[in-house]
Structure formats: C-alpha cells, structure tokens
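Some notes on the structure that comes next.
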Amino acid sequence: MSTPKSENNRWFAEEVQPHESSLRSYLRAVFPSLPDIDDLVQEAYARLIRARETGRVGYAKAFLFTTARNVALDLFRRRKVVSIEAQADLSSLGVIEDTLDASEAVNKQQELELLSAAVRDLPARCRQVVTLRLLYAMSHKDIARELCISEHTVKAQLAKGTRRCADFFEQHGVDTLRRPATEATP
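Structure representation (structure tokens):
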C-alpha cells in the first residue's frame, strides 16, 4: 500500500506529531537511564512509517508508544542480556510486538501500566531491588553492592516483590500463571 507523499506528511502532522511531547515524557518516566531519547523517538517514527506503508497501523498513538517502548527495550537487551526466568513470568507483560493490532497494543499497554502500578505498590526497598533487576538488568551481586545489602537480601526482596506483584495482578483480574509449590525450582 503506497500513499502519496503529501498524504503521508498530512497524516504524520495530524496523527503522530501531536503526541511527541507526551511520548518523550513517557519515555523519560519509564526509562530514566536512557542516554538519548531523540534517537529512540526517531527510530520509533521510522518503524511507524514503515508499518503504515504496509497497512499495519490502525491507531497511530498506541502504535507509536508501543514501538518506542520496544525500541527502548531492544536497546536494553543489546546492552546486557540477563535471564530473569526465575522472576515468575512478569517479563511476558513487558514486550509488545510491532505486529499487534491497535486493540492488542492498547491491551498490552494496559498490562504494562498494571505492572508499573504493582511495582509502585511495593515497599521502598523491595521496589528498588525489583526495579534494578528487571528494568536495569543488574545482577544480584551488583544490586547488593549498589544498595549496600547482602545478596541474600536481594534474593529475598526479589522473591517478595514477585509474590506481591503476582498478588496485585490477581486482585486486578490478571492470571499470573503461578506454578504450584510442587513444581517450584529449588
């Protein structure tokens, strides 16, 4: 599907550009350690335009925010790949594929906002540990050093945070796929 350049310019000016300041605010709030938000925003725009050319964009704002978040997550993954499988399955809420339609993207965005609320609801120390582990992909040892606590305390706070987040999700009607105690890893 190819659209005339003037139509693309009009669409971008009316449907995308008005959301730039809120997108930048969102990215600064969710990813405060990102060094250059300008590059991230430009990459999100490029992906959005490519997706529109193939007809996959139904709701520009949702697609833009989802794409920008995915670009940021890709950046973090490239920086440091860390397995967080032991942290329940919270990571499945965080990634939205670029191929989702608008309703799926909005649903995933709501799940991400629920995850954010669950983490904000944690006690301060627990929230710090969970944030450093899941968002910044720091090792238990690095978290312990950063917060001046033992690695055992880091592990205990991660377990507590995971349980409390899972409880928060259940209270809000989200199935967390908890494993029965008999299947728990040692």
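One gets my numbering by counting positions in the sequence shown from 1 and adding 790 to each.
From the three backbone atoms N, C-alpha and C, an ideal C-beta is built for every residue, glycine too.
- Of the candidates Glu804, Val944 and Leu854, the residue whose Cα lies closest to the Cα of arginine 837 is Leu854.
- Remark: C-beta atoms of glutamine 947 and arginine 915 approach each other more closely than 9 Å.
- Taken through DSSP and simplified to helix, strand or coil, phenylalanine 821 comes out as coil.
- Within the model, the alpha-carbon separation for leucine 904 versus valine 920 is close to 15 Å.
- In this structure, valine 909 sits away from glycine 845, with a CB-CB distance that is not shorter than 9 Å.
- Spatial neighbours of leucine 912 in its own chain (CB-CB distance under 7 Å, excluding positions within 5 residues in sequence) are listed in chain order as Val920, Gly951 and Arg954.
- For the alpha helix (DSSP H) assignment, the uninterrupted runs of no fewer than 4 residues enclosed by the stretch 921–959 are, from N- to C-terminal side, 930–937.
- Around the beta carbon of lysine 795, fewer than 16 other beta carbons lie within 10 angstroms, which makes this residue exposed.
- In this chain, tyrosine 849 is not harboured by any alpha helix (DSSP H), its DSSP state being neither H nor E.
- Its Cα nearest to that of glutamine 807, the residue Tyr835 stands out among Glu941, Ala819, Ser940 and Tyr835.
- Just measuring C-alpha positions, the residue of Glu805, Ala841 and Asp828 sitting nearest arginine 814 is Asp828.
- Using a 10 angstroms sphere on the CB of lysine 931, the tally of other CB atoms stays under 16, which defines it as exposed.
- Within a 10 Å sphere around the beta-carbon of arginine 859 sit 16 or more other beta-carbons, which makes this residue buried.
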